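Novice: Residue numbers (my numbering), protein chains in the order written: chain A, 1 to 208; chain B, 1001 to 1299.
Have a look at the structure that comes next, please.
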Amino acid sequence: MSNPHKSKNSDLPRYGMLIDLDRCVGCHTCEIACKIENDVPLGIWRSWVKEIEKGKYPDVVRSFRPTLCNHCENPICVKVCPVNAAWQREDGIVMLDPHLCVGCRYCMSACPYEVRYIHPTKGMIDKCDFCSTRVDAGLKPSCVEACPSSARIFGDLNDAKSEVAKLVATKAVSTLKPEIGTGPRVYYIGLDPATMEIKREAKLVWEK
Amino acid sequence: MGKVVFDVQYQTTLAFLISYYFYFTGLSAGSFMISTLSYGFGMEKFKPASKMGVVAAVLLLLLAPQFLLMQVGWPIKSIWNHFVYFNPLSAMSYGAFLLMLYPMNSVVYGIFMFQGNLKMTKIFGLIGIPLALAVHGYTGWILALGVARDYWNTGLMPIVFLFSAMVSGISMMILMIMVRDRFFTKEKTINHELIDSLAKLLGWLLVVDLFLVFCDYSVLLYSKLEAQEVAHFMLFGKMSFWFVIVENLIGKVIPMIIVMIPGMRKSYFWLILAALMNMAGILAMRIVTVYGGQALPLM
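See below:
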């Protein structure tokens, strides 16, 4: 009874994504496609593109960091969820069970990537699920489908012939915060460390 | 280095309601421990505080979870699901059971105490000590196991929470005993000896609490970048007024000085002031830890 989502089965795909930032043009189309596909309310994003500007004229550049749930191999959110609402499918997709979630927000504060949000009308957590319904129907996630420069590549990491597995195996890829030991399965090519800078100040809730 | 053109703001998740919840469970655990000092451990001088301590512990622990229920999106569903879908890896999962067991045990303990059954009082008091430690310690574990936040993710967190619980509990007991003795007893006089022992205990626990804060911050400042940034945010940044002035200076250092100087400790004016300042400081500590610990965006 305690965990309704547990079952063991190997020989399944392990879905992952590779984001080639050499191809990314920072158009934010993935953001919009995600919002439309998943009916994400205003002010909240399942997937977004952080955009920074660095350097001094004439040597300036804009760097992008598309962010989404990393569908970790060892997800913290699944460990900390008190009611087993955060769970992981056998193919690696980290899901949220709306029948179990009570909106305690513990997973939000425990996620190192800050990709979870509280749904303003449902009062429970929501997050990227790699468009699991589309994946089950044999389609690609909507952000991948919408990307005009094909910067997002989605596929089965266990299948050595898939494009994503080949690229992860042969290119210099990096992940976000590997030191936490979550084992993220969203890989980046050409990730700019400046897009991951830690801030020293924050706007406090009682400030206008 | 870079200037942010577009980023998504993190929704602050565990804020004031959770701070109040931690504060009231802390007060409850602290006052329960005071009540067990005489019946559980035979420290007779604390006996006049025992009955008040157990009543306060039960009432505060009935109040505390209300803040938790206000915080979650689905209060009724959360009560049911916490018991039915137990996740052994989650510290919060154990909380639901502790929040049931601890007040039930405290009620039984209190009933035996009021009946004058010393043996049963001792047994249930000693069962209650680990429960009180657990019910407040687990709140520290909740934060410590939220591994994303370097401010929280330290083994000291449960211990810091326990000590702040005890100091705020003692301050509250000092105030409550003074009011009871002065206005609600036949003699209308305050029990000097009891108040003095409690104040001495408060002083030494404050020393330990300040030492724990020092340990925590010295490690944060030498640790990896994220930890350094959050320590700077607390010590010199926007949170510094709440952390340095309210929590540590007003809440801990000044009360410690007052109760350490015998002349000031004996004066009720200074002692009441110290207890009030300490209670306010511990409330600030809860808000600084819960809200301040996650105010900085992570990436």
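Every residue, glycine too, gets a C-beta built ideally from N, C-alpha and C.
Quick caveat, the model's predicted, so the values are computed rather than measured.
Can you tell me whether K56/A is buried or exposed, with buried defined as 16 or more other CB within 10 angstroms of its CB?
Specialist: With fewer than 16 Cβ atoms within 10 Å of its Cβ, K56/A is classed as exposed.
Novice: With a threshold of 16 other CB atoms inside 10 Å of the CB of A165/A, please say whether the residue is buried or exposed.
Specialist: buried
Novice: Look at the Cβ atom of I1282/B, then the Cβ atom of S1090/B, and state whether they are nearer than 8 Å.
Specialist: no
Novice: Per DSSP, which residues does G155/A bridge with? Please list them.
Specialist: G16/A
Novice: State buried or exposed for H71/A, treating a residue as buried only when at least 16 other CB atoms are found within 10 Å of its CB.
Specialist: H71/A is classed as buried because its beta carbon has at least 16 other beta carbons within 10 Å across all chains shown.
Novice: Per DSSP, K1003/B is paired with what?
Specialist: E53/A
Novice: Of all Cβ atoms in chain B, is any one closer than 8 Å to the Cβ of M17/A?
Specialist: no
Novice: Using 8 Å as the limit for Cβ to Cβ distance, is M95/A near chain B?
Specialist: no
Novice: Measuring alpha carbon to alpha carbon, tell me which residue in Y1010/B, L1145/B and M1176/B is nearest M1279/B.
Specialist: M1176/B
Novice: Less than 8 Å between the CB atoms is what I'm expecting for G1002/B and F1032/B, so what's the real figure, rounded?
Specialist: Actually they do not touch by this definition, with Cβ atoms about 51 Å apart.
Novice: Quick one, are the C-beta atoms of R62/A and G103/A less than 8 Å apart?
Specialist: no
Novice: Which residues of chain B have a Cβ atom closer than 8 Å to the Cβ of K199/A, listed in chain order?
Specialist: Contact note: K199/A reaches chain B through E1229, L1296 and P1297, using a C-beta cutoff of 8 Å and chain order.
Novice: I need the straight-line Cα distance from T1036/B to A1227/B, nearest angstrom please.
Specialist: 38 Å
Novice: Within 10 angstroms of the Cβ of M1173/B, are there 16 or more other Cβ atoms? Answer buried if so, exposed if not.
Specialist: buried
Novice: So A1275/B packs on S1171/B, CB below 8 Å; how close in whole Å?
Specialist: 4 Å
Novice: If you run the structure through DSSP and keep just helix, strand and coil, what is W87/A?
Specialist: strand
Novice: Anyone know if the C-beta pair for Y1021/B and L1061/B falls short of 8 Å?
Specialist: It is not a contact, given that the beta carbons lie outside the stated cut-off.
Novice: Report buried or exposed for H1136/B, applying the criterion of at least 16 other Cβ atoms within 10 angstroms of its Cβ.
Specialist: buried
Novice: Which residue comes first and which comes last in the alpha helix (DSSP H) that contains S63/A?
Specialist: No alpha helix (DSSP H) holds S63/A; the beta strand (DSSP E) holding it covers D59 to T67.
Novice: Does the beta-carbon distance from K199/A to L1212/B come in below 8 Å?
Specialist: Not a contact, by the Cβ cut-off of 8 Å.
Novice: CB-CB under 6 Å to M1/A, same chain, minus the five flanking residues each way: which ones, in chain order?
Specialist: Caution applies to M1/A, whose pLDDT of 46 falls short of 50 and renders its modelled position unreliable; the value that the coordinates give is listed next. If we look at M1/A and ignore the five residues flanking it on each side, it has no Cβ neighbours.
Novice: Going by DSSP, what residues sit across from S174/A in a beta bridge?
Specialist: Beta-bridge annotation (DSSP): S174/A is paired with Y188/A.
Novice: If you drop the 5 nearest sequence neighbours on each side, which residues of the same chain put their C-beta closer than 8 Å to that of N1105/B?
Specialist: For N1105/B, where only same-chain residues beyond five positions count, the Cβ hits under 8 Å are F1124, I1127, G1128 and L1131.
Novice: G92/A and Y15/A: beta carbons closer than 8 Å?
Specialist: yes
Novice: May I have the straight-line CA-CA distance separating S1168/B from L1145/B, to the nearest angstrom?
Specialist: 24 Å
Novice: Once DSSP output is grouped into helix, strand and coil, what is the label at D1181/B?
Specialist: Helix at D1181/B.
Novice: In the DSSP assignment, what are the bridge partners of L96/A?
Specialist: Answer is A86/A, bridged to L96/A.
Novice: Helix, strand or coil: which one does DSSP assign to I118/A?
Specialist: Note: I118/A maps to strand in three-state DSSP.
Novice: Which chain B residues are close to N84/A, counting only those with a beta carbon under 7 Å from its beta carbon?
Specialist: Y1085 and N1087
Novice: May I ask you to list, following chain order, the residues of the segment 1132-1166 of chain B that have a beta carbon less than 9 Å from some beta carbon of chain A?
Specialist: I1142, L1143, L1145, G1146, V1147, A1148, R1149 and W1152
Novice: With DSSP run on the structure shown, which of helix, strand or coil describes W1204/B?
Specialist: helix
Novice: If you run the structure through DSSP and keep just helix, strand and coil, what is I125/A?
Specialist: Correct three-state label for I125/A: strand.
Novice: Between G183/A and chain B, is any beta-carbon pair separated by less than 8 Å?
Specialist: no
Novice: Using 10 angstroms around the beta-carbon of F1233/B, count the other beta-carbons present and answer buried if the total reaches 16, otherwise exposed.
Specialist: buried
Novice: Mind checking the segment 1001-1025 of chain B against chain A and listing, in chain order, the residues whose C-beta falls within less than 7 Å of any C-beta there?
Specialist: M1001, G1002, K1003, V1004, V1005, F1006, D1007, V1008, Y1010, Q1011, T1012, T1013, L1014 and A1015
Novice: CA-CA distance, V49/A and C131/A?
Specialist: One C-alpha to the other measures close to 17 Å.
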